[in-house]
Structure formats: C-alpha cells, structure tokens
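Undergrad:
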Amino acid sequence: MQTNSILRRPFRFRFFNATLYLIAANVLIFALGYVWPMVTYALALSPQAVMAGWVWQVFTYMFAHANLTHLLVNMLGLFFFGTPVERTLGSLEFLLYYLLSGTFAGIASFAIYAFSGAWNTMLLGASGAVFALLLAFGVLYPKAMVYLYGIIPIRAPLMVIGYTAIEIVFTLLGAASSVAHLTHLAGFVAGAAYFPVRLGMNPFKRLRER
C-alpha cells in the first residue's frame, strides 16, 4: 500500500507550456547537430556506445533527429497531441509521462538491438515518446475526432488502434526500413503501463468508451 501511495502521489497542478519547451530543446539540439555533427552522434542511441558506457543515450536519443523532415514530423505530433494532454495532466505529470515513455522505448530498443546483434544500428528521434502521446490523447479524449492528413475524420481511439496495428504488422513482417517500429510499440507499451500504475486508470477501458 505504501508503494502505491508513493507511485500515485499527484503533482500540484501547474501548466507552463512544457510542450513548447520540449520542442525548443529538440530544435536547438538539431541546430547544434547541424553545425557540429558530433553532437548528434553523442546523443543518438548506438548499442556499441551504450555498452562502452554512454548510457545517457537511452534518454538523449529522443532529442536528436536525422534531418529536418524527421524533426518536423515528430514536432508536429508533439505539438498537436502533447498540448491537450499537458493541459489535462498538468505540465509536471506530462513531462514525467513523456520522458519516462521515451526512456523506456530507448531501453527496450537497446535491449532488442543487443539481443539481435544489431550493434551498428543508430536510433534517434522523438517518435517513441510521441507514440506514447498518441495513446494518451486517445485515452484522455476518447470521443475526440482527429482529421487524418487533415482530411479524413477518425475517432481518437480508432487512430490509436490503427497505428498500433500498423506497427505490429510492420514488425512481424520485418520490413526493412529506417522507421523504428519496435521503438514505437515500446512507446505504446510504456504509456499503457503508466496509466494504471501512476494514474489508476485502465487505458483500454477508456479507449472502448462510446
């Protein structure tokens, strides 16, 4: 009982646009990496580097991006889904959710790469944490409508289920791609675990709400 009370102790509600600070951090790091490429190599997750002691990479990889398109796609997802999630959870809870989910996705990805012998892989990008935000948006706003590609209306829970299914299919097919599908799934898993453990909420029950 004591453990549960500590895990579920709420933060005092505060809102200070943490989403924008995260976006600014990502943009700044991308700019620094553009000028000094070593910054990107130091922050991106390399299984060999982690084994050599660069353990911070399981956290910092989510702030490094391969190119401008990669950055823009992830930052759009962070802005559109992160802002409403932050307004509901509060900035501190939002930051904890985002950073823990991204770190879990990094650790899980490292474990998978190490187990499969993919030592030369380099993982970077905020997509693991952003996919956790997709889940959070669907859980917190189960009746919300999202316009896919700005055109196709779809309910938020259906969007979450659809993206999860796509990631599972691509993972099972073993599709050769620069997209880290397992990292995305790890973000979903982290988010799905966070809601019952930290917030006492069943995310799957919320996703089924009509």
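Residues in the sequence shown are numbered consecutively from 14, following our numbering.
Built from N, CA and C at the ideal position, the CB exists for glycine as well.
Computed from a predicted structure; not experimentally measured.
Tell me the rounded alpha-carbon separation between F28 and L153.
TA: One C-alpha to the other measures close to 17 Å.
Undergrad: Between which two residues does the beta strand (DSSP E) harbouring P166 extend?
TA: It spans 165–168 - the beta strand (DSSP E) in which P166 sits, taken as one unbroken run.
Undergrad: In whole angstroms, give me the CA-to-CA distance for G141 and H78.
TA: Using only the alpha carbons, I get a separation of about 13 Å.
Undergrad: To the nearest angstrom, how far is the alpha carbon of L45 from that of V52?
TA: Roughly 7 Å between the two C-alpha positions.
Undergrad: Thinking just about the alpha-carbon of each residue, which of M214, R219, E222 is nearest to the one in R21?
TA: Here the closest residue by C-alpha is M214.
Undergrad: Given this structure, state the Cα-to-Cα distance separating S190 from E180, to the nearest angstrom.
TA: In this prediction, S190 has a pLDDT of 47, which is less than 50 and means its spatial position is unreliable; what the coordinates show is noted afterwards. Going by the C-alpha atoms only, they are around 12 Å apart.
Undergrad: Would you give the residue range spanned by the beta strand (DSSP E) that M158 belongs to?
TA: Taken as a continuous stretch (DSSP letters only), the beta strand (DSSP E) holding M158 covers 158–161.
Undergrad: Rounded to whole angstroms, what's the CA-CA distance from L225 to I167? Just pull it up for me.
TA: Absent from the structure is residue 225, since the part of the chain shown begins at 14 and ends at 223.
Undergrad: With distances taken Cα to Cα, identify the nearest neighbour of L220 among I164, V210, F183, L147.
TA: It is L147 whose Cα lies nearest to the Cα of L220.
Undergrad: Which first and last residues belong to the alpha helix (DSSP H) in which G46 is found?
TA: G46 -> alpha helix (DSSP H) spans 31–48.
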